[in-house]
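Only one structure is covered here, and it is reproduced in the block below.
Residue numbers (my numbering), protein chains in the order written: chain B, 7 to 288; chain L, 1013 to 1278.
Set out below in structure tokens:
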């Protein structure tokens, strides 16, 4: 694999459950060292896509390469190069943080130092506590510690901050930024646009089993066009030339325009119009 | 890139699982006390002489020691694997370079040690309360150790297979406890073999609990007691054969039904 090859390369991926088509020809590249956020409504195929990339699930059709290997023929050496943080794990409740991280380190050929990993996820004070007695946010940090103990080149984070309070989310974001800064390629699925905006170099929107849009948050926002909303006490107008409109309004009102606001569409507006237009629910 | 050895990871998992087991107080108490309580109940009810110097309570004690091993292998292992599938353990492990064999080595270590502890506990109880004697010949020791190991292997494999039948950890208790309890009745564990109607006795003879209990009786009771068995002898060769065949069947079931996760869910 050369430097310029993508870490993840997906072409025409399809997958059905029974008669329901979940993935309908999905294409996706993740570049080395980037953090890519995958957004999409429930049932759009986010988790299915990620689980195929992780070798947790088989696929029906299409080509998939992760770290230069087809996950369908994944071996131990390949699994040692990826890290996975899944949703909903509730295991290991009777073991302590230090016992668990130390034990998992033994699975990998070149693990990080367990103490360093526990430190980096901010659990040093809890290292001798049983995992079942940690808070939800701390438990998630254990999941991340186990995901990165093997020094992965590619880290999967599946909706990592669901259920976090705002402060725990901020701390978690700092942790993810730190991993990205060390050169880890990160594929993150999330429901939160602010999370994608805070962490991701690029965002892919999955809708109806395909990638509906992919790019930086600025690019996605730009795809909505240059129209902005101008509103004032007497009405509102959507326009590509807000300055001309305001100048005209100012003349009409003889100076100050009462209640004037100028609003660019938020990323959320763009996202909702993107998935709304596709009309996916399942 | 050299990967850590499978045996090393497997033994490390065995240690990890032992710690995990002993910290789960509910599981420890249930696994160890249920067969012990059964022995106390049945031994207390049936205290009359059975044949010669042997008391009926000693016959029960030997049989229940066998069923206790089924509890620590079949019931315990089936439940733990179903729980591993349910709580995300198996999925987490599948996402690491831990080899599949290491997972099963870990389980084997856990089941063997817990079953051995259970056997010692049951024999200790029976010696203290019912004057059961430990084997006093090499042949009897051989039977005890041989049938113990064969029984643990056979019932562990069946426990792994049973864990795949159940959809969740909650229903796995049904897939293991129901056959375990029902077989106890038809296999000469809760009722002495000679007290069973022929049909029940024949049903029991199809399954490996009857044979394990018979094997344990052959190791722990005087040879004169063989006269009270259904066949009138200990049938040691047949005990080994039936347990071996069920072990093979269990292995085939494991290989064909074992799932890392419940594929029926999305």
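Cβ coordinates follow ideal geometry from the N, Cα and C atoms, glycine included.
Predicted model, so just to flag it, every value in this text is computed and none were measured.
- Taking a 10 Å sphere around the C-beta of residue 1088 of chain L, we find 16 or more other C-beta atoms and assign the residue as buried.
- Residue 1226 of chain L sits in a helix when the DSSP states are folded into three classes.
- Shown here, residue 1115 of chain L sits in a helix according to DSSP, grouped into three states.
- Annotation: residue 61 of chain B to residue 1022 of chain L spans about 22 Å, alpha carbon to alpha carbon.
- In the DSSP assignment, residue 23 of chain B forms a beta bridge with B/26.
- Of the residues B/252, B/272, B/256 and B/111, the one whose Cα lies closest to the Cα of residue 231 of chain B is B/272.
- Judged by pairs of C-beta atoms under 8 Å, the segment 23-35 of chain B touches the segment 206-216 of chain B, as three or more such pairs exist.
- At a C-beta separation below 9 Å, residue 92 of chain B has these neighbours in chain L: 1100, 1103, 1104 and 1107.
- Note that the C-beta distance between residue 1188 of chain L and residue 1086 of chain L is below 7 Å.
- Three or more beta-carbon pairs separated by less than 8 Å link the segment 82-95 of chain B to the segment 154-161 of chain B, which places the two stretches in contact.
- Within chain B, 100 have C-beta atoms less than 7 Å from the C-beta of residue 1035 of chain L, given in sequence order.
- DSSP places residue 135 of chain B outside both helix and strand once states are collapsed to three, so it counts as coil.
- Checking the DSSP bridge columns, you'll see residue 69 of chain B partnered with B/17.
- The segment 1221-1240 of chain L makes contact with the segment 1156-1164 of chain L, as at least three CB pairs between them are under 8 Å.
- Residue 26 of chain B is outside the set of residues whose beta carbon lies under 7 Å from a beta carbon in chain L.
- Taking C-alpha positions only, residue 168 of chain B is separated from residue 1135 of chain L by approximately 52 Å.
- For residue 216 of chain B, the beta-bridge partners assigned by DSSP are B/213.
- For residue 277 of chain B, no chain L residue has a C-beta closer than 8 Å to its own C-beta; the minimum C-beta separation is roughly 24 Å.
- Contacts with chain B (Cβ-Cβ distance below 8 Å) from the segment 1027-1058 of chain L involve 1028, 1031, 1032, 1035 and 1036, listed in chain order.
- Closest by C-alpha distance to residue 276 of chain B, out of B/246, B/199, B/174 and B/204, is B/199.
- In terms of Cβ geometry, residue 1078 of chain L and residue 1224 of chain L form a close pair [threshold 7 Å].
- Chain order gives the chain B residues near residue 1021 of chain L as 112 and 113, where near means a beta carbon separation below 7 Å.
- For the segment 57-77 of chain B, the residues whose beta carbon sits under 7 Å from a beta carbon of chain L are, in order, 60 and 62.
- Counting C-beta atoms within 10 angstroms of its own C-beta, residue 178 of chain B has 16 or more neighbours from the protein chains shown and is therefore classed as buried.
- Look at residue 1272 of chain L here: in three-state DSSP terms it is coil, with no helix or strand label.
- In this structure, the alpha-carbon of residue 56 of chain B lies about 20 Å from that of residue 222 of chain B.
- For residue 208 of chain B, the three-state secondary structure derived from DSSP is strand.
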